[in-house]
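Below you'll find the structure, written out as structure tokens, and then a few comments.
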Amino acid sequence: LQSLIPTIVYEILKYFFESTIFRIILEINAFIGGFPPEQGLYFHSYMYDAVSSRQHTKGLLNLILALDSKNPLDILIDKHIVIQQRTLIFSGYCDFITGIYNSYELIKYIKSYKHIVFTMGSHFLLLEW
834 LQSLIPTIVY EILKYFFEST IFRIILEINA FIGGFPPEQG LYFHSYMYDA
884 VSSRQHTKGL LNLILALDSK NPLDILIDKH IVIQQRTLIF SGYCDFITGI
934 YNSYELIKYI KSYKHIVFTM GSHFLLLEW
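Just so you know, we're using this note's numbering here: the sequence shown kicks off at 834 and counts up by one.
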């Protein structure tokens, strides 16, 4: 998929993800799936940000690839770099998409962090709490 970013396919995806039709599809799926009413808006905004530039889209695709690898940090982070910025990491024990173990792996590479774990939080923790 990453090889398609410099092509017209990126422009088509960007147009679709920013469209009202995509938003309506998300709202219908959230309603049928019994998800919180804000989920359509949240995901639409997320995709809008993800396709805001080719760099953002490449980052999203790298993240998707990392979720399928044995050690996600092999793809996302150079092992010789320690992130210097103060960082706040939220994670939820009930996150079955990325798993709480990913947050513990991330903090190994962050110099100054605060890690907050929500016992009943899932992948959509910012909407839930």
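Heads up, the beta-carbon is just placed ideally off N, CA and C, and yes, glycines get one too.
Touching by the beta-carbon criterion (3+ pairs, under 8 Å), the region 853-867 and the region 884-895: They do not touch, by the three-pair rule.
How many angstroms separate the CA atom of V884 from the CA atom of P869? Locating residue 884 in the sequence shown gives position 51, counting from the first residue. Locating residue 869 in the sequence shown gives position 36, counting from the first residue. About 24 Å.
Taking H889 as the reference, which of G925, F929 and P839 has the closest Cα? Residue mapping note: residue 889 aligns to position 56 of the sequence shown, counting from 1. For the residues G925, F929 and P839, the minimum Cα distance to H889 belongs to P839.
With H, G and I counted as helix, E and B as strand and the rest as coil, what does DSSP make of T890? Counting from 1 along the sequence shown, the entry for residue 890 is found at position 57. The answer is helix: DSSP assigns T890 an H, G or I state.
Assuming G925 and L958 are in contact, meaning their beta carbons sit under 8 Å apart, how far apart are those beta carbons, in whole angstroms? Working through the sequence shown from its first residue, we reach residue 925 at position 92. Working through the sequence shown from its first residue, we reach residue 958 at position 125. Contact annotation, G925 with L958: C-beta distance approximately 5 Å; criterion of less than 8 Å satisfied.
Measuring CA to CA, which of G866, V950, F849 and S886 is closest to H877? Counted from its first residue, the sequence shown places residue 877 at position 44. For the options G866, V950, F849 and S886, the alpha carbon positioned closest to that of H877 is the one of F849.
Would a C-beta distance cut-off of 9 Å place G954 and F923 closer than the cut-off? For the purposes of this step, residue 954 is taken as residue 121 along the sequence shown, with counting starting at 1. For the purposes of this step, residue 923 is taken as residue 90 along the sequence shown, with counting starting at 1. It is a contact, given that the beta carbons lie within the stated cut-off.
Run of the beta strand (DSSP E) containing I845, from where it starts to where it stops: Your numbering for residue 845 matches position 12 in the sequence shown. No beta strand (DSSP E) contains I845, which is instead part of the alpha helix (DSSP H) from I841 to F850.
Would you kindly work out how many angstroms separate the C-alpha atoms of G867 and I861, rounded to a whole number? Within the sequence shown, the letter at position 34 stands for residue 867. Within the sequence shown, the letter at position 28 stands for residue 861. Taking the straight line joining both Cα atoms gives about 10 Å.
Residue range of the beta strand (DSSP E) that includes T920: Here residue 920 refers to the residue found at position 87 when the sequence shown is read from its first residue. Segment T920 to G925, the beta strand (DSSP E) holding T920.
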